[in-house]
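Q: Under our numbering, the sequence shown has 982 at position 349, and the numbering climbs by one with no breaks.
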Amino acid sequence: MKHLELLAPARNSDIGIAAIDCGADAVYIGGPGFGARKDAGNSLSDIESLCAYAHTFGARIFLTVNVTLEEGELEEVHQMMLRAQEAGVDAFIVRDPVISTWKDIIVPLHASTQCALRDAAKARYYQSAGFSRLILERQLSLEQVKEVAAVTDAELEFFVHGALCTGYSGDCYLSEALSGRSANKGECIQACRSLYDLVDAKGNVLVRNKALLSLKDFNLLERIEELAEAGVSSFKIEGRLKSASYVKNVVREYSLALDRLVAKYPDRYARASFGTVTGGFKPDSNKTFNRGYTQLFLDGKRGKWASMDAPKSMGECLGKVLSVKPADKYNMQITVKPLKGVSTLNNGDGFCFVDGSSITGFRGDVCNGYEIRCKNVAGLKPGDTLYRNINAAFERELQANMCRRLIPAGIRLQIDGSENAGYRVTAFAGTQDGRSVQADLETAGPSAQNKARMEALFQNQLSKTIVPYIFQLSGTEVRTADGSLPLLSASALNGLCRSLAAELDRLPCGKVPLTAAPRPQGPVQKENAAPVNGELMRSKYCIRYELNLCPVRQGAAESGPLFLLNNGRRFALGFDCRHCEMTVKEA
C-alpha cells in the first residue's frame, strides 16, 4: 500500500491548523530562522502547539531549514533544530548536506528543492548523504520524474500548485545581483516579477516595461494520478506567504482529488493521515490568488508559460467590458459581458484589468448581475478583459463554513445477562488508525419490550460526535447472549459514548511512518552556493519562444544577442538550444 500525502504551506500555526482541518496530511512551516521565506518565521512554542494538533490526526509537521549556511551559523542552527525536534517536528526540509552528519538530529531529513534535484545523479547523491525524501525541481517532465524514481528508494515530493520560480530552484542569483538580497538566504525580492525592457545588441527596444520573466502559477490538479504512478508520494502546495483563505481553498480542492484517487484504487493507495473532513465550503482554486495556470513542462513539451502582462494575481477571468458610463461626478457604471459559467457579481468584489504595462484594480461598491457601480477608474474602456481577483461571496463562505475533521470510530456492543440477573453492556470502539477501547455499563433495569425500537435508539444515540472530542462514533453492531435487550435511556447511552470518546482521546493517534535513511558515517561535501560560469539564472522557460522569436522551434530569423534592462542594469540572455534552456548573466 502506498500512502499519499498532501503537503500544505503555513505562514503561521493558525494557518497550519486550518490546513489540517481542510484535509492536509502534512504541513511545512518556518521556525525562528534559516528558512527560505524569511518573512514566514514562527516561534518554537507555536511550532509545538501546531505539532500537538497535527498529531491528533496522525498528520505531520515539517520545519524548513532550507537556506545556505555559513560556518559561523552552524551551531545556532544545530541548537534550533534540537529544540524543534523536542517540540515534536516530524522532519526537517534541509538544503545543506552538512546537517545530515549531526547524529543527534534523529528525525528524517528531506532534501529541499533548493538542492537542485533535477536528475538521477543528484537523487543518488542526496540519498547517500542521508536524505530520506527528495523534493524535486518543478520544471521536470513526468518522464524525468520516473527516471529519478527508478534510481532511488527515497520518497519523492513534487510541487503541484502555486507560484513558480523562473530559474531552477536553488540556482538563482538574480535577486542578489539586483538588490544584494539573496534568495539562498530567504530574502528573494522576486526579481522574476519585476519589469524589464528587452533590447537587441544595437539597443533597439523589442519589448518595453513587461514582466518578461514572470511565469503563470502551477496547477496539476488533473495530473495527480499520473504523478502517483510515476513515483510521487507527497503532493506539495506552494505558498508559505499566502493567506489563510488561499491555503484552505487549495488544500480542500487537492484533498478531495486525493480522496477520489484513493477511492478509485483502494488496494493501491491510502492517505498518509487519518480522519474525514465534514462540512465546509465548495473549493475552487480559480477564486483565489493566481496569475493564470500552467502545467509547465510536465508533458515534456514547451508551451506559453509567461504571465508577463500580469505578474500579480488576476484571479477569475469574467469576460469583456461592454460599456463604461458615468453614474455621477465621482462614480461610474460598468457593464460586463460574462464568459459562460461565470457567477453573478457581488457587492465588495475586487476587479482588475491590464492597462498598458500595469495592472489596475478597483472595488465594486454595488454589483447587480453583471453591472458594477464603483468609484471612477482611469483607463478602463469597452473591450478590456476584466478579472475578479476578490470574490466577496466566496470569501464570506470560507469564513462562515469552516471544515471540521473527525476520526471515524466503529462501535460494537456486547450485552450479557438477563432481566432477572441484570445486564452488563460492554461497548468496544476502534478507529482507523488502530486505537481500540472499551467501556462498561451495568444496569438492573427491565428488558425492552420493543426490541426494534431499542435497537433504533442504540443506533441513534451511539452514532454521534461528542464535543470536544474529534471522534465520529458510528456503525453499531449489537451482540446478545439470549437475544434480549435492556431498556436503556438516551442519557445512559450518551454517557457510554462519552466514556468511549474520552478513552480514545487518552491514546495517541497512530502514524504512517516516514521513510528513514541511513546517515553518512563520514564528512559530506559542502554545497557550492555560487553562480556557475557567471549564470544568475538557468531555466526551461525561454523568452525567445514566448515571443515567437525561436529560430529552432518556430523558424524565426536569428535575432542576435538579446538583453534585459532593469533600472539601468543590463543582463545578457543566453540560449542553450541543445538542452532547450535559457540563461541570464551579467552583461
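We treat Cβ as the ideally placed atom computed from N, Cα and C, and that holds for glycine. Bear in mind that the values here come from a model prediction, so they are computed numbers and not experimental data.
1. Rounded to whole angstroms, what's the CA-CA distance from Q1071 to L1140? Just pull it up for me.
2. Taking 6 Å as the limit between beta carbons, can you name the residues of its chain near S847, skipping five residues before and five after?
3. Would you check if there are 3 or more beta carbon pairs closer than 8 Å linking the stretch 1082 to 1091 to the stretch 1047 to 1064?
4. First and last residue of the alpha helix (DSSP H) that includes F667?
5. Starting from the N-terminal side, write out each stretch of the beta strand (DSSP E) that is 3 residues or longer and does not extend beyond the stretch 820 to 844.
6. Excluding the 5 residues preceding and the 5 following S1080 in the sequence, name in chain order all residues of the same chain whose CB lies nearer than 7 Å to its CB.
7. Determine the DSSP secondary structure at Y879, reduced to helix, strand or coil.
8. Between the alpha carbons of K869 and L640, how many angstroms are there, rounded?
9. Could you tell me if C1210 is buried or exposed, where buried requires 16 or more neighbouring beta carbons within 10 angstroms of its beta carbon?
10. For I739, which of helix, strand or coil comes out of DSSP?
11. Sorry if obvious, but does the Cβ on P1146 come closer than 8 Å to a heavy atom of the ligand FAD?
12. Specify the secondary structure class of K1084 as computed by DSSP and reduced to three states.
13. Can you give me the start and stop residues for the alpha helix (DSSP H) that H1212 sits inside?
14. Does the beta-carbon of K998 have 16 or more other beta-carbons within 10 angstroms, so that it is buried, or is it exposed?
15. From T746 to G1155, what does the alpha carbon distance come to, in whole angstroms?
16. Less than 9 Å between the beta carbons of I768 and H794, yes or no?
17. Report the CB separation of G664 from L696 in whole angstroms; it is logged as a contact under 8 Å.
18. Which residue marks the beginning of the alpha helix (DSSP H) containing E1004, and which one marks its end?
19. Which two residues bound the contiguous alpha helix (DSSP H) that contains L978?
20. What are the boundary residues of the beta strand (DSSP E) that Q1071 is part of?
21. Give the list of continuous beta strand (DSSP E) stretches no shorter than 3 residues that lie fully inside the stretch 918 to 971.
22. Would you say the stretch 863 to 881 touches the stretch 774 to 793, given that touching needs at least three Cβ pairs under 8 Å?
23. Classify T1113 as helix, strand or coil using the three-state DSSP reduction.
24. Take every Cβ of the stretch 987 to 1006, pair it with every Cβ of the stretch 960 to 973, and state whether three or more of those distances are shorter than 8 Å.
25. Once DSSP output is grouped into helix, strand and coil, what is the label at F695?
26. On the DSSP bridge assignment, give the partners of G1012 in chain order.
27. State buried or exposed for E1179, treating a residue as buried only when at least 16 other CB atoms are found within 10 Å of its CB.
28. Considering Cα atoms alone, identify which of K953, D1049, K962, A1025 is closest to P1015.
29. Assess contact between the stretch 653 to 662 and the stretch 882 to 902, defined as three or more Cβ pairs (one per stretch) separated by less than 8 Å. Is contact present?
30. What number of angstroms, rounded off, separates the C-alpha of T993 from the C-alpha of L1019?
31. Output the residue ranges of the alpha helix (DSSP H) runs that lie fully inside the stretch 743 to 791 and measure 4 residues or longer, sorted by chain position.
32. With three or more C-beta pairs closer than 8 Å as the rule, is the stretch 797 to 814 touching the stretch 683 to 691?
33. Leaving aside the five residues before and after R841 along the sequence, list all residues of the same chain whose C-beta is less than 6 Å from its C-beta, in chain order.
34. Which partner residues does D988 have in the DSSP bridge list?
35. Taking N1127 as part of the alpha helix (DSSP H), name the residues at either end of that continuous run.
36. Quick one, which of V781, L789, S876, Q772 has its alpha-carbon nearest S646's?
A: With the given structure in hand:
1. CA-CA distance, Q1071 to L1140, rounds to 12 Å.
2. Apart from sequence neighbours up to five positions away, the residues of its chain that approach S847 with a beta-carbon distance below 6 Å are C825, R826, S940, M941, P944, ordered along the chain.
3. Too few Cβ pairs lie closer than 8 Å, so no.
4. Per DSSP, F667 lies in no alpha helix (DSSP H) segment and is marked neither H nor E.
5. If we require 3 residues or more, the beta strand (DSSP E) runs fully inside the stretch 820 to 844 come out as 829 to 833, 838 to 843.
6. If we look at S1080 and ignore the five residues flanking it on each side, its Cβ neighbours are E1052, S1117, L1118, P1119, L1120.
7. In the structure shown, Y879 sits in a helix (DSSP, three-state: H, G or I).
8. The straight-line gap separating the alpha-carbon atoms of K869 and L640 is approximately 5 Å.
9. C1210 should be labelled exposed.
10. Correct three-state label for I739: coil.
11. In the structure on display, the ligand FAD does not appear, and there are no ligands present to speak of.
12. Under the three-state reduction of DSSP output, K1084 falls in the helix class.
13. Segment: none, H1212 is in no alpha helix (DSSP H) and carries neither H nor E.
14. Strictly speaking, residue 998 in this sequence is Asp, with Lys absent from that position. Classification of D998: exposed, given that the 10 Å Cβ count is below 16.
15. Between T746 and G1155, the C-alpha separation is close to 24 Å.
16. Not a contact, by the Cβ cut-off of 9 Å.
17. The pair is a contact, with the Cβ atoms about 5 Å apart (cut-off 8 Å).
18. Not the alpha helix (DSSP H): E1004 falls in the beta strand (DSSP E), residues 1004 to 1008.
19. Per DSSP, L978 lies in no alpha helix (DSSP H) and is assigned neither H nor E.
20. Start and end: 1069 to 1076.
21. Correct list: 949 to 959, 964 to 971.
22. The stretch 863 to 881, when compared against the stretch 774 to 793, does touch it at the 8 Å Cβ threshold.
23. In the structure shown, T1113 sits in a strand (DSSP, three-state: E or B).
24. With a cut-off of 8 Å, the stretch 960 to 973 and the stretch 987 to 1006 count as touching, because enough Cβ pairs lie within range.
25. Looking at F695 - three-state DSSP - the assignment turns out to be strand.
26. For G1012, which the question treats as bridged, DSSP gives no partner whatsoever.
27. Burial call: buried.
28. Of the candidates K953, D1049, K962, A1025, the one whose C-alpha sits nearest the C-alpha of P1015 is K953.
29. The stretch 653 to 662 makes contact with the stretch 882 to 902: 3 or more CB pairs, one atom from each, lie closer than 8 Å.
30. If I take the Cα positions, the gap works out to 10 Å.
31. The stretch 743 to 791 contains these whole alpha helix (DSSP H) runs: 753 to 761, 775 to 783.
32. Output reads no: the stretch 797 to 814 does not touch the stretch 683 to 691.
33. Answer for R841: D830, listed in chain order.
34. Paired residues: S991.
35. Counting along the chain, the alpha helix (DSSP H) containing N1127 begins and ends at 1123 to 1139.
36. The shortest C-alpha separation from S646 is found at S876.
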